Amino acid sequence: MSGVELYIEDEAAMLQLGQALAEQTAGHGILFLQGDLGAGKTTLSRGIIRGLGHTGPVKSPTFTLVEPYEINKHRVWHFDLYRLTDPEELEYLGIRDYFADDDLCLIEWPQQGKGYLPQADIEISIKAHNDGRFVQLLPFSTRGKSWCAALSALT
Numbered sequence: 055m056s057g058v059e060l061y062i063e064d065e066a067a068m069l070q071l072g073q074a075l076a077e078q079t080a081g082h083g084i085l086f087l088q089g090d091l092g093a094g095k096t097t098l099s100r101g102i103i104r105g106l107g108h109t110g111p112v113k114s115p116t117f118t119l120v121e122p123y124e125i126n127k128h129r130v131w132h133f134d135l136y137r138l139t140d141p142e143e144l145e146y147l148g149i150r151d152y153f154a155d156d157d158l159c160l161i162e163w164p165q166q167g168k169g170y171l172p173q174a175d176i177e178i179s180i181k182a183h184n185d186g187r188f189v190q191l192l193p194f195s196t197r198g199k200s201w202c203a204a205l206s207a208l209t
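Our numbering applies: residue 55 is where the sequence shown begins, and numbers increase by one.
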């Protein structure tokens, strides 16, 4: 199974994709979210987090680097590494601890943590196209492949 490519028309459709990803991941795994500023990474993260049952606000962790969510029986860690100046800073954050229990880790700007992050189950690239977005999902694990297979029905 190779990746899945989707055209997302608007914010509502991005939130729906997030809901579908929440269902597939069942609150576990590592998702890398890539794209330019304003591409929709945080919107997709919001859809995933709300899809797991969170009803409060979902903000971008641009200044805090990580925003934790306790949702029912799940823990979700939403990272935004945009402002990270050196990947080694992740060691001071205790980055390995976040991945120890197979919680769901959503990582925006993963290239900023290269060499200190584990392999993603799936990499999601978001690119603006006209008024919408092209979203590409590439699997890098067995479960990532099963998620992509299930999400390919959305095309």
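Ideal Cβ placement from N, Cα and C applies to all residues, glycine included.
The model shown is predicted, which means the values in this text are computed figures rather than measured ones.
Report the rounded CA-to-CA distance for residue i versus residue j, giving the unit in angstroms.
| i | j | result |
| --- | --- | --- |
| Ser200 | Ser206 | 10 Å |
| Ser99 | Glu145 | 24 Å |
| Cys202 | Asp156 | 19 Å |
| Glu77 | Thr196 | 16 Å |
| Ala67 | Gly94 | 11 Å |
| Thr232 | Ile125 | Here the chain comprises residues numbered 55 to 209, so residue 232 is not present and cannot be evaluated. |
| Ala74 | Ile178 | 14 Å |
| Gly148 | Tyr123 | 17 Å |
| Val112 | Gly72 | 13 Å |
| Thr79 | Arg104 | 13 Å |
| His183 | Val130 | 29 Å |
| Arg187 | Leu208 | 15 Å |
For residue i, which of the options has the nearest alpha-carbon?
| i | options | result |
| --- | --- | --- |
| Gly167 | Leu71, Thr97, Ala182, Val120 | Val120 |
| Asp140 | Asn126, Ile125, Gly169 | Gly169 |
| Leu69 | Thr97, Leu138, Pro111 | Thr97 |
| Pro172 | Phe86, Gln73, Ala74 | Phe86 |
| Asp185 | Gln73, Ala74, Gly92, Gly72 | Gly92 |
| Arg137 | Pro115, Arg187, Gly148, Gly198 | Pro115 |
| Phe117 | Leu135, His183, Ala182 | Leu135 |
| Gly198 | Ala174, Leu208, His183 | Ala174 |
How about residue i and residue j: are their beta carbons less than 7 Å apart?
| i | j | result |
| --- | --- | --- |
| Ile102 | Cys159 | no |
| Gly89 | Ile180 | yes |
| Ile161 | Phe133 | yes |
| His82 | Leu106 | no |
Along the chain, where does the alpha helix (DSSP H) that runs through residue i open and close?
| i | result |
| --- | --- |
| Ala76 | 65–79 |
| Ser28 | Residue numbering for the chain in the displayed model covers 55 to 209; residue 28 lies beyond these limits and cannot be assessed. |
| Gly105 | 95–105 |
List the endpoints of the continuous beta strand (DSSP E) containing residue i.
| i | result |
| --- | --- |
| Arg137 | Taken as a continuous stretch (DSSP letters only), Arg137 belongs to no beta strand (DSSP E), as it is neither H nor E. |
Quick one: is the Cβ of residue i within less than 6 Å of any heavy atom of the ligand GTP?
| i | result |
| --- | --- |
| Leu135 | Annotation note on the ligand GTP: not contained in the displayed structure, which lists no ligands. |
Is residue i close to chain C, meaning its C-beta is less than 7 Å from at least one C-beta of that chain?
| i | result |
| --- | --- |
| Arg100 | In the structure shown, chain C does not exist; there is a single protein chain. |
Report yes or no: do three or more beta-carbon pairs, one from the region 184–191 and one from the region 149–169, lie closer than 8 Å? no
Could you check whether the region 58–68 touches the region 146–157, counting it as contact only if at least three pairs of C-beta atoms, one from each stretch, sit closer than 8 Å? no
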